[in-house]
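In what follows, a single structure is set out as structure tokens and then discussed.
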Amino acid sequence: MEAIDDTPASPSDGDTIGDVIARRYNRRDFVKGALGVTAATALFGPAALAAPKTACVAESEPGAFTPPSFAFDEIEAGADDNHHVAEGYDALVLLSWGDHLGKPKEDAPFEPLKQSGSEQRERFGYNNDYIAYFPIDGSSEHGLLCVNHEYAEATHMFPGVETLKDDKNRDSVDDDMVDVEMAALGVSVVEIKKLDGKWTVVYGSPLNRRITANEPMALDGPVANDEKALKRLRTKDDPDGRNLRGTVANCAGGKTPWGTYLAAEENFHYLFWTEKKDANGDPHIEGDHSDYPANYRRYQVPKRGTPWGRKYPRFNVDEEPNEPNRFGWIVEIDPYDKHSKPVKHTALGRFFHEGAETVLSKKNKAVVFTGDDAKSEYVYRFVSDGTYVDDASKKAENMKLLSAGTLSVARFNDDGTGEWVALTPQNCGGDRQSGDGWFCSQADILIDARLAADQVEATKMDRPEDVQPNEKTGRVYVMLTNNVERNASTVNRANPRANNRFGHVIEIIPDDADFGANRFTWDILVRCGDPDRVELGAYWNAATSKNSWFVSPDNATVDCQGRLWIATDQGRYWQQTMHADGLYALETHGIRRGTPRMFFRVPVGAELCGPCFTPDGETLFVAVQHPGADGMKGYCDGRTDSKFDCSKEASFDNPATRWPDFQENMPPRPSVVAITRTGGGKIGG
């Protein structure tokens, strides 16, 4: 999500994470942490180019495990119109927007001037984000890639669309384009195989699948079982309320221990239209569209970011005021069964989900961590009522684990402790117009999880992105990407900076290294930004180089050796750092703790999403989203495409790069890249 578009919707007076930080840490704490290690602790040796194949590190009890350090030479920070990877590694563009999933490229070339909705349904979607790899027969060289597609970008998908900032320009997106956009979102399931050391798509595989904004979806959990709550999901096309259509705005996701894919619905509010406006010309929502106006306010519905609602009434809240309540959920998909119906799990709550990373507690309960990606929103955790059974024949039973459980929200205390506060029915009969204390059922809480979290005074965070558990160490890492709305009066404990444009990473240590524990301790791992600019208050290991510091942490993953990797998304603010986004390896233990190094850099105007490893750790998949799109106006240097008019924003007609094809007839295309080590071996050393 663009930071500039992220309008805070939280009215809660509860402590922000920044309020908590300053009360616990003083300047001496930060200086000791950041400068108590000399630059000599870097000890960076040259990366071996052809390390022998070895098994991943042996299993050990969580809490007692220390990951090995990284061993590769970092790349240089900068910005240009191509991608870059660390020396000794190969980066292959595997899948791009518009690639046909049934036929090889030479038999079904992508023709961007001849797009249609029906054709797009057969092709790889737009703006790839989260990636998950599912082995076939346990193989790290043959499997399924599940990739979600977050949002459409008409300005870069079609000619003649310069901006979507006003109604006149939205009119340039015609009905045919709307159909293409709806078909380009959702999820792609693609069979891939490594042949002669090179990954390739298995075109025409019976497992290849596109799930779009029109796909039939099932609904389960407390909302599906509550007739009163179901009234809030019923529409003209679905008077029952349980037969949903489509998944959209999927940002990050998760993979379950039983082999299913979780897609996280995030900024669904952008898709909803209204013809009603206030005196300022903004969408008018106060009481006119719904009998729950507090719901609309907290979810910023309708945003009028796309004109879908002009063609399809279900995306027009004037016609279908309940349709927004059918989005904002976690969606479970079985990639191995092409004919299975995706399920929206209401037990995990409704908000702007960023991720759904899933692990097991010590009691074998399914535990799902997820952030609500907006300023001053919350970090959530779900713990299943049922118990996971490690038996492939019990997959159907395991797939019910996300149907019932406890949704909690994080509260961070001043003393470095914290707790997960369960969201349960309370204060029935309050003011529905304001959203103050009217939760009569668990279903109400889940539909309006943000309002429920406000009631328990959870800690407001600086745009929680991925919440990444590390099964080997028992720790959890929270990506907090930025919060430019913070001011000097609210800075304190875990966000000590006003106008926090650069973000930070928090480390959570659950009691007894048990992801199901209700209490934890926490600390700041790094505060992002340029460490040479003292006024920014960045906090890194002293060994951090000029190329390795980063800003706006977004997605994250842990490799098979228990090491943390972080992807960044600066949005249009990258011109302030002059560093394109990328993937960073971040040390979490020992004398190198808090030391990053840059492994992969995306083309200018792109963000890096969805880092994902094969089980053996020898292939890393990354998603390059919206190449050449973010903040390109004024970028007049470092380009190989001299035809870009840098006095204007980039678009289909004015591309800032033509990555990855670099062909005159092809616009920039979001793509998945497969990275392997030259000669074989673990990624990262």
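Using our numbering, you'd call the opening residue of the sequence shown number 759 and step up by one each time. The C-beta atom is built at its ideal place from N, Cα and C for all residues, glycine as well. Everything numeric in this text was worked out from a predicted model, so none of it was measured.
Report buried or exposed for residue i, applying the criterion of at least 16 other Cβ atoms within 10 angstroms of its Cβ.
i       : result
Thr824  : exposed
Lys1133 : buried
Asp787  : Per-residue confidence for Asp787 stands at a pLDDT of 41, beneath the threshold of 50, marking its modelled position as unreliable; the derived number appears in the next sentence. Classification of Asp787: exposed, given that the 10 Å Cβ count is below 16.
Gly1438 : exposed
Ala797  : Since pLDDT at Ala797 reaches only 30, below the 50 mark, its modelled position is unreliable, and the value read off the structure follows with that caveat. By the neighbour-count rule (16 or more Cβ atoms within 10 Å), Ala797 is not buried but exposed.
Tyr783  : Because the pLDDT of Tyr783 is 47, which lies under 50, any placement of that residue in the model is unreliable, and the question is left without a value.
Cys1394 : exposed
Leu953  : exposed
Val1292 : exposed
Gln1383 : buried
Asp1220 : buried
Met940  : buried
Ala1150 : exposed
Is DSSP giving residue i helix, strand or coil here?
i       : result
Thr1018 : coil
Thr1104 : helix
Val795  : Confidence at Val795 is low in this model, with a pLDDT of 28, below 50, so the placement of that residue should be treated as unreliable; the coordinate-derived value is given next. Val795 falls in the coil class under three-state DSSP.
His914  : helix
Gly803  : Caution is warranted here: a pLDDT of 31 is assigned to Gly803, below 50, making its placement in the model unreliable, and no coordinate value can be reported.
Trp987  : The identity of residue 987 in the sequence shown is Ala, whereas the question assumes Trp. It is helical.
Val905  : strand
Phe823  : coil
Leu1002 : strand
Gly944  : strand
Ile1324 : strand
Glu1077 : coil
Arg1084 : helix
Leu953  : strand
Gly1443 : coil
Tyr961  : coil
Pro1418 : coil
Val1292 : helix
Ala1408 : coil
Tyr888  : strand
Arg1255 : coil
Leu859  : coil
Val936  : helix
Thr812  : Note that Thr812 scores a pLDDT of 44, beneath 50, so its modelled location is shaky; the value from the coordinates is reported in the next line. Coil at Thr812, not helix or strand.
Gln1383 : strand
Asn972  : coil
Lys790  : Confidence at Lys790 is low in this model, with a pLDDT of 32, below 50, so the placement of that residue should be treated as unreliable; the coordinate-derived value is given next. Helix, per DSSP.
Measure the CB-CB distance between residue i and residue j and report whether it falls below 8 Å.
i       : j       : result
Leu1238 : Val1214 : no
Trp1307 : Gly1352 : no
Val919  : Thr913  : yes
Arg1277 : Asn1257 : no
Ser1310 : Glu832  : no
Thr1005 : Val1075 : no
Gly1329 : Asp1388 : yes
Leu1283 : Tyr1235 : yes
Arg968  : Gly896  : no
Ile950  : Leu991  : no
Quick check on this structure: which residue in the options has the alpha carbon closest to the alpha carbon of residue i?
i       : options                            : result
Ser947  : Pro917, Lys1401, Pro1100, Asn1253  : One detail in the question is off: residue 947 reads as Val in this sequence, not Ser. Checked all of Pro917, Lys1401, Pro1100, Asn1253; the closest Cα to Val947 is Pro1100.
Glu973  : Thr1145, Leu850, Phe1197, Ile1091  : Ile1091
Gly1107 : Trp1031, Asp1288, Asn1080, Leu1209 : Leu1209
Glu1112 : Ala942, Tyr888, Ala767, Tyr884     : Tyr888
Ala1168 : Gly1232, Glu1265, Trp1332, Glu1077 : Glu1265
Gln1319 : Met915, Gly1443, His907            : Gly1443
Ser1098 : Met975, Thr993, Phe892             : Met975
Ile1205 : Pro820, Lys989, Thr1116, Ser898    : Lys989
Leu852  : Thr958, Ala1114, Leu902, Asn840    : Thr958
Gly1348 : Asp1269, Asn1008, Phe916, Ser827   : Ser827
Gly1144 : Leu1160, Asp1130, Tyr1138, Val936  : Leu1160
Phe1140 : Val1242, Ala1105, Phe1170          : Ala1105
His1262 : Cys1286, Asp1272, Phe1109          : Cys1286
Val1126 : Glu1115, Ser1151, Ala1343          : Glu1115
Does chain D have any CB closer than 8 Å to the CB of residue i?
i      : result
Val960 : In the structure shown, chain D does not exist; there is a single protein chain.
- Query: Is the segment 1055-1062 close to the segment 1156-1168, with three or more CB pairs under 8 Å?
  - Reply: no
- contact_flag[the segment 1303-1323, the segment 1216-1227] where n(CB pairs < 8 Å) is 3 or more: yes
- Query: Is there contact between the segment 1364-1380 and the segment 876-883, where contact requires at least three CB pairs shorter than 8 Å?
  - Reply: By the Cβ test, the segment 1364-1380 is not in contact with the segment 876-883, since fewer than three Cβ pairs between them sit closer than 8 Å.
- Inter-stretch contact at 8 Å, needing at least 3 Cβ pairs: the segment 1138-1157 / the segment 1013-1026: yes
- Message: With three or more C-beta pairs closer than 8 Å as the rule, is the segment 1025-1033 touching the segment 1076-1093?
- Response: yes
- Task: Examine the Cβ distances between the segment 983-990 and the segment 1107-1122 and report whether three or more of them are shorter than 8 Å.
- Result: no
- Query: Can at least three beta-carbon pairs, one atom from the segment 853-867 and one from the segment 950-969, be found at a separation below 8 Å?
  - Reply: yes
- Task: Evaluate contact between the segment 846-857 and the segment 1429-1436, counting only Cβ atoms and requiring at least three cross-stretch pairs below 8 Å.
- Result: yes
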